[in-house]
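Asker:
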Amino acid sequence: MFEPSATFCFREVQKWPWRSRDEDTAVRVVQIAPPWFPIPPHGYGGIELVIAELTEGLIAAGHDVTLFAPSGARTSARLIPTMARGLGLDMTEAEKASVFHASSRAAHQVALDLHADLIHDHTDFAPDPGYPIPIVRTMHGPATAISVVNACQMSAAGDHFVAISHRQRELFTAAAAARYGPGQHIAFAGMVYNPIDVAAAPFYPRAAKGDGVAFVGRCHWEKGPDAAIRIARAAGIPLKLALRVTTDERPYFDTVIRPLLVASQGLAGYVGEVSGQAKDDLLGQARAVIFSSPWEEPFGLVLT
Numbered sequence: 199m200f201e202p203s204a205t206f207c208f209r210e211v212q213k214w215p216w217r218s219r220d221e222d223t224a225v226r227v228v229q230i231a232p233p234w235f236p237i238p239p240h241g242y243g244g245i246e247l248v249i250a251e252l253t254e255g256l257i258a259a260g261h262d263v264t265l266f267a268p269s270g271a272r273t274s275a276r277l278i279p280t281m282a283r284g285l286g287l288d289m290t291e292a293e294k295a296s297v298f299h300a301s302s303r304a305a306h307q308v309a310l311d312l313h314a315d316l317i318h319d320h321t322d323f324a325p326d327p328g329y330p331i332p333i334v335r336t337m338h339g340p341a342t343a344i345s346v347v348n349a350c351q352m353s354a355a356g357d358h359f360v361a362i363s364h365r366q367r368e369l370f371t372a373a374a375a376a377r378y379g380p381g382q383h384i385a386f387a388g389m390v391y392n393p394i395d396v397a398a399a400p401f402y403p404r405a406a407k408g409d410g411v412a413f414v415g416r417c418h419w420e421k422g423p424d425a426a427i428r429i430a431r432a433a434g435i436p437l438k439l440a441l442r443v444t445t446d447e448r449p450y451f452d453t454v455i456r457p458l459l460v461a462s463q464g465l466a467g468y469v470g471e472v473s474g475q476a477k478d479d480l481l482g483q484a485r486a487v488i489f490s491s492p493w494e495e496p497f498g499l500v501l502t
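In the working numbering, the protein residues as written are 199 to 502.
#1: Quick check on DSSP: helix, strand or coil for Val469?
#2: For Arg276, collect the residues of the same chain with a Cβ closer than 6 Å to its Cβ; drop the 5 residues on either side in sequence, then sort them by chain order.
#3: Cα-Cα, which of Asp357, Lys407, Leu465 is closest to Gly388?
#4: Which whole-angstrom value describes the C-beta separation of Ala349 and Phe359, a residue pair presumed to lie in contact below a C-beta threshold of 8 Å?
#5: Determine the direct distance from the alpha carbon of Val227 to that of Pro436, and round the result to whole angstroms.
#6: Where does the unbroken beta strand (DSSP E) through Gln463 begin, and where does it stop?
#7: So which of Val500, Ala433, Ala258, Leu480 has the shortest CA-CA distance to Ala406?
#8: Please classify Ile237: does DSSP put it in a helix, a strand, or coil?
#9: Using only the alpha-carbon positions, how far apart do Thr444 and Ser473 sit?
#10: What number of angstroms, rounded off, separates the C-alpha of Gln463 from the C-alpha of Ala426?
#11: Taking the alpha-carbon positions, what's the Ile488 to Thr223 distance?
#12: Using a 10 Å radius around the Cβ and a threshold of 16 neighbouring Cβ atoms, would you call Asp326 buried or exposed?
#13: Inspect the CB distances between the stretch 332-351 and the stretch 379-393 and report whether three or more fall short of 8 Å.
#14: Is it buried or exposed for Val460, if we count other Cβ within 10 angstroms and need 16 for buried?
#15: Quick one: what does DSSP say Asp319 is sitting in, helix, strand or coil?
#16: Using 8 Å as the threshold, is the C-beta distance between Glu254 and Ser274 below it?
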């Protein structure tokens with residue numbers, strides 16, 4: 199079983215002073231990231247990309263930021279590793295839950311010793327009742343039954359939530375009302391779209407565009423890669439399919455995606471997982487991007 203490393207690392211970190219700041223405007227912010235992927239991600243990792251961009255933006259605005267994340271994160275923040283590496287998602291659900299809560303619990307404990315003004319938590323771990331540091335949580339996923347229950351319970355404990363789209367907020371609010379009756383069950387602080395560093399996003403002129411389309415995402419039915427292949431075949435347009443395939447997703451790839459690729463007779467091509475310049479080129483040179491998610495995804499970051 200993997201063990202969190204935050205407590206060990208803090209023996210060194212606790213001797214570091216907070217950076218000098220303007221006491222009237224700056225805030226001591228703790229960002230808590232999930233333990234799955236590096237920050238910023240090397241490939242797949244929409245949440246991790248959001249955390250990376252937000253952290254750099256907060257520092258540029260003059261705030262003092264400590265980031266709890268897997269070791270090796272490239273960040274201007276003070277980094278406290280929660281794991282020796284990003285663990286990925288190739289674990290059983292029981293292992294994921296154990297690691298997730300152990301790393302988050304350690305991060306919340308260390309945040310107390312740092313005397314943080316605010317915690318921005320990107321996990322769904324709830325500390326013990328009476329936890330003294332204000333917590334704001336970004337909702338990165340859909341309004342599932344468990345996520346709605348967690349949001350209502352955490353709101354009752356004093357936490358606040360940030361939606362990533364107006365529609366996501368509507369869906370969470372409606373689901374909470376359906377479960378608990380009318381009323382404000384989830385404490386929303388507001389809505390903030392997922393960020394992207396426009397200055398770092400290369401521009402591809404029309405002359406650089408090819409004839410094909412692109413799909414980027416996880417190899418999972420909820421992302422709709424099968425629909426993307428069918429759409430491309432129906433339109434007669436070449437498709438480059440960039441997929442991250444985990445161990446759990448391999449059966450779906452072998453039984454659903456691979457046969458569709460074969461049936462496309464070369465019209466649809468699988469290029470694996472892409473990142474960095476390869477991802478920029480794939481998207482920038484595509485005639486269009488296919489976003490074929492079959493459900494109301496709250497904010498598909500690939501669309502930015």
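A virtual CB, placed ideally from N, CA and C, is assigned to each residue, including glycine.
Computed from a predicted model, the values in this text were never measured in an experiment.
Answerer: In brief:
#1: coil
#2: Thr264
#3: Asp357
#4: 6 Å
#5: 46 Å
#6: No beta strand (DSSP E) contains Gln463, which DSSP labels as neither H nor E.
#7: Leu480
#8: coil
#9: 16 Å
#10: 15 Å
#11: 43 Å
#12: exposed
#13: yes
#14: exposed
#15: strand
#16: yes
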